[in-house]
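Going down the list, the protein sequences come from chains E and B. Last residue of the first sequence: 328 in full-length UniProt numbering, with the numbers rising by one and none dropped. Last residue of the second sequence: 328 in full-length UniProt numbering, with the numbers rising by one and none dropped. For glycine and all other residues, C-beta sits at the position ideal for the given N, C-alpha and C.
Protein chains: 2
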Amino acid sequence: MAAAELIELWRGGLRESAHLGHAVICDGKGIVEAWGDPGAVIFPRSSCKMIQALPLVDSGAADAAGLSSEELALACASHNGAEIHTRRVSAWLDRLGLAESDLRCGAHLPNDPAERRRLTCSETAPCQIHNNCSGKHAGFLTLNRHLGGGAEYVELDHPVQRAVRDAFEAETGETVAGWGIDGCSAPNFAVTVAGLARAMAGFAQPGADRRGQARRRLVEAMIAHPELVAGEGRACTEMMRAARGRAALKTGAEAVFVAILPERGLGVALKVADGATRGSEAAIAALMVHLDIFDEKDPVVQKYLSGPLRNWRGLATGELRRASGFPR
Amino acid sequence: MAAAELIELWRGGLRESAHLGHAVICDGKGIVEAWGDPGAVIFPRSSCKMIQALPLVDSGAADAAGLSSEELALACASHNGAEIHTRRVSAWLDRLGLAESDLRCGAHLPNDPAERRRLTCSETAPCQIHNNCSGKHAGFLTLNRHLGGGAEYVELDHPVQRAVRDAFEAETGETVAGWGIDGCSAPNFAVTVAGLARAMAGFAQPGADRRGQARRRLVEAMIAHPELVAGEGRACTEMMRAARGRAALKTGAEAVFVAILPERGLGVALKVADGATRGSEAAIAALMVHLDIFDEKDPVVQKYLSGPLRNWRGLATGELRRASGFPR
């Protein structure tokens, strides 16, 4: 099946650009609705961090290290590298008796404007704790402490990544079709859009066993601390606040977005085929309206989907629109 | 006709994302080669600045104001707002007896890292001269001085924009199918990809009449001053340097790219349908290799198309590839 048109950009009464992709809504039994190809194989990138964090929790490593709900949210985060994030990750590593140099995620300038400005204007280089994935990697290090693995915890055959792969295959119900190296150097496993949505439905209906309890704790942590999962001004944070506890949402690079709807027992996954975050943010907003999580008039829907696009003088120049048939 | 696959992003041996679009190569007689739909209607955005600058030159306004080759290059530019750009645009406005407040392009933080840092760290707001289109607008003001129009030179029915529209229809051989407001508040006229490529072929074979001389002067100015057309680290500047005088290249927002090849008498235009600059830069690089302007091993081809993509630790994570059938 081909990709479906999801989101369009209109200017001057003409369609200027368009984003095609694949979107799937699953419940506990399987696919409820789909657009494009549910069988399209994608890299979930950071959208699957809650899956990557499952072994951390159900192995007992999180409790052994006394991880807080805030730290579990950071384990699932692609954060802005703001002080609220870096302070917590630093304290977490200190508690483990580990240092920034034990991380393997690499360093990049944070997206948080204040911290970015502080580093830039003081000519200070960012460190690995600023990396948007530093919470996930602190989680990997916590699990590694528990498993007694070696220092290179991002290698494919390392006990930490083997545990992540086992959890990924169990949650998605698929044997991984391949793997790539993510921006943070951890392995990222390929999955169908339907498999990723199926996994999110599992987090929405977590179950009572040890794995189920881990799913529930991670979703509750994400919903309790939306500002730690991304940061001020970011889609995940603003959409989870707008959902008022009814959804956990997570973005991934190259335009992946997932949602977990505990009240509805539904999981959502989408991939915009061209990799444009503009498209994935608009598409997930459209699906959250479709699933009655957001009202069309909610400011978050205006910001990411239906509000006017303005130029440098504040003039309205166009708008994003749902493509015909999406999500209908 | 549907959009064609032009550029793909690969990771871990799997295709992660893809960019579809339309590309056309024209000579003086018409279409030589095409991918996707040559009749697709697009907004050329900043890729058509050399067309927007034609009335400035062939009206005699440029000579009346004693514009230099550098200023003509800036009239065709989407510049970085570096000191080399802002100093020249400021001096140009001074010579006209005009001020920054006479511009109607709006202000935004420049892309030039040094100037951006200077403004950010001194808490200084950017001005309209920093706008990447300030040279084009200085050109509009110069033409307006000559035509004696009112202050609101970006209005659709203003003499400046009527002259631009006449030139646009003459160069593209099309009656404009519509118009939108560009990021810099000027009208931007819709055109087919074939019409835009036809116009670029006209610049490649400029002719000897008054309009032809204007085309030639603008292309020579762009080729003589690649650093003024965009800036350090930018695709237009780096690709024009790599072309060593054999091509003038210009990007436009939402993934438009054009090329003028005087030696070959060819014009090129392309639009990536999703609006991703990553895709349009890779696609124009592929077409320049296809047309023997760049060698596959040229560093500029490595940077924008065929080199490995690396993550924060410098690990190769994937690469861009030409889609099957593009460009050969």
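Pick from the options: whose alpha carbon is nearest that of residue i?
i: S101/B; options: R116/B, G28/B, E232/B, S134/B; result: S134/B
i: D326/B; options: S68/B, G13/B, A18/B; result: Going by the sequence as given, residue 326/B is Phe instead of Asp. F326/B has its Cα closest to that of A18/B, out of S68/B, G13/B, A18/B.
i: L249/E; options: C121/E, S78/E, S324/E, T120/E; result: S78/E
i: E83/B; options: A61/B, A62/B, P110/B, S69/B; result: P110/B
i: P187/E; options: A177/E, E5/E, G195/E, V193/E; result: A177/E
i: A224/B; options: A247/B, R210/B, L291/B, A316/B; result: A247/B
i: D94/E; options: S122/E, T120/E, L119/E, A65/E; result: A65/E
i: L103/E; options: L141/E, C121/E, S68/E; result: L141/E
i: L96/B; options: A163/B, A235/B, H146/B; result: H146/B
i: A221/B; options: D37/B, T277/B, I260/B, I284/B; result: I260/B
i: I293/B; options: P262/B, A163/B, A208/B, M1/B; result: P262/B
i: A163/B; options: A282/B, L196/B, S59/B; result: S59/B
i: R313/B; options: L67/E, G183/E, A3/E, E227/E; result: G183/E
i: S69/B; options: L228/B, R321/B, Q161/B; result: L228/B
i: M1/B; options: P38/B, G30/B, G150/B, I31/B; result: P38/B
i: E174/E; options: Q161/E, P159/E, D157/E, G195/E; result: G195/E
i: V160/B; options: I51/B, Q302/B, A107/B; result: I51/B
i: R234/B; options: N132/B, R211/B, D63/B, L156/B; result: N132/B
i: V219/B; options: H22/B, Y153/B, L315/B, K49/B; result: K49/B
For residue i versus residue j, is the C-beta spacing smaller than 9 Å?
i: N311/B; j: S185/E; result: yes
i: G307/B; j: G81/B; result: no
i: G139/E; j: A75/E; result: yes
i: G279/E; j: A255/E; result: yes
i: M288/B; j: M239/B; result: yes
i: Q213/E; j: G265/E; result: no
i: L14/B; j: D274/B; result: no
i: E8/B; j: A286/B; result: no
i: L72/B; j: R244/B; result: no
i: V193/B; j: L270/B; result: yes
i: E16/E; j: I42/B; result: yes
i: V272/B; j: P44/B; result: no
i: V24/B; j: W10/B; result: no
i: H290/B; j: R328/B; result: yes
i: A40/B; j: A276/E; result: no
i: G267/E; j: C26/E; result: yes
i: H137/E; j: L119/E; result: no
i: A208/B; j: L143/B; result: no
i: T317/B; j: I181/E; result: yes
i: Y304/B; j: E319/B; result: no
i: G12/E; j: G202/E; result: no
i: C236/B; j: C121/E; result: no
i: H158/E; j: G148/E; result: no
i: G30/B; j: R198/B; result: yes
Which residues does DSSP list as the beta-bridge partners of residue i?
i: E5/E; result: L20/E
i: T192/E; result: V41/E
i: A316/B; result: R310/B
i: I25/E; result: E33/E, V268/E
i: L14/E; result: R11/E
i: P113/E; result: Bridge partners of P113/E: none, in fact.
i: P187/B; result: I181/B
i: R322/B; result: I7/B
request  = Indicate whether the contact test is met: 3 or more Cβ pairs, each with one atom in the segment 111 to 126 of chain B and one in the segment 51 to 60 of chain B, closer than 8 Å.
outcome  = no
message = If contact is defined by three or more beta carbon pairs under 8 Å, each pair taking one atom from either stretch, is the segment 97 to 115 of chain E in contact with the segment 286 to 300 of chain B?
response = no
ask   = Which parts of the segment 133 to 182 of chain B are runs of the alpha helix (DSSP H), unbroken and 4 residues or longer, counting only runs that do not cross its ends?
value = Correct list: 134 to 147, 159 to 172.
query = Any contact of the segment 153 to 171 of chain E with the segment 83 to 94 of chain E, i.e. 3+ C-beta pairs under 8 Å?
reply = The segment 153 to 171 of chain E vs the segment 83 to 94 of chain E: no contact.
request  = Starting from the N-terminal side, write out each stretch of the alpha helix (DSSP H) that is 4 residues or longer and does not extend beyond the segment 234 to 309 of chain E.
outcome  = 235 to 243, 277 to 290
request  = Give, in chain order, every unbroken run of the alpha helix (DSSP H) that is at least 4 residues long and sits entirely within the segment 49 to 95 of chain E.
outcome  = 49 to 52, 54 to 58, 61 to 64, 69 to 75
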